[in-house]
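**Q** This is the structure, below, for whatever I ask next.
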Amino acid sequence: MSELAARKWYHWYSPTDTPEGKKLILKLDLLLVPYAFVLYWVKYVDQTNINNAYVSGMAEDLGFHGNELVQFQTIFVVGNVVGLLPFIYLFPRVPMHILVPSLDLGMSPIIPYSTFR
Numbered sequence: 001m002s003e004l005a006a007r008k009w010y011h012w013y014s015p016t017d018t019p020e021g022k023k024l025i026l027k028l029d030l031l032l033v034p035y036a037f038v039l040y041w042v043k044y045v046d047q048t049n050i051n052n053a054y055v056s057g058m059a060e061d062l063g064f065h066g067n068e069l070v071q072f073q074t075i076f077v078v079g080n081v082v083g084l085l086p087f088i089y090l091f092p093r094v095p096m097h098i099l100v101p102s103l104d105l106g107m108s109p110i111i112p113y114s115t116f117r
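Here the sequence shown stands for residues 1 to 117, numbered as in full-length UniProt numbering.
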């Protein structure tokens, strides 16, 4: 029990792990957790901005009636799920240090042109 009490709150690895293993866990956490946090935050902001815009007058501007907001949100979520399916196949087969930056760079020119009229 004294071993458990002496551990710091941020040491979540096993006491039997080697120093190399502890260093690897720390590196992975420092690299992956901030990236996952930012991705989750951006997705959350996207979804809440749709509701904020709807309440602020988007419904009248676009002529929404009835359940069209619910249908729009359903299409948004289905698009996210369908967009994830290819990556379930790609992630185990393509090295992450190549795939993730290429996805970021690949989406950079697409997003501005998708909103251009």
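Glycine included, C-beta positions come from ideal geometry on N, C-alpha and C.
#1: Would you kindly report the start and end of the unbroken alpha helix (DSSP H) that includes M58?
#2: Distance check for K8 and F87, CA to CA, integer angstroms please.
#3: Within its chain, find whatever has a CB closer than 8 angstroms to the CB of L90; leave out the 5 residues flanking it on each side and keep chain order.
#4: Using only the alpha-carbon positions, how far apart do E68 and L105 sit?
**A** The short version:
#1: Here the question's residue 58 lines up with position 58 in the sequence shown. No alpha helix (DSSP H) contains M58, which DSSP labels as neither H nor E.
#2: Position 87 of the sequence shown holds residue 87. Position 8 of the sequence shown holds residue 8. When the Cα atoms are used, F87 and K8 turn out to be separated by approximately 37 angstroms.
#3: Your numbering for residue 90 matches position 90 in the sequence shown. The residues are L99.
#4: Locating residue 68 in the sequence shown gives position 68, where the first residue counts as 1. Locating residue 105 in the sequence shown gives position 105, where the first residue counts as 1. Those two C-alpha atoms are separated by around 33 angstroms.
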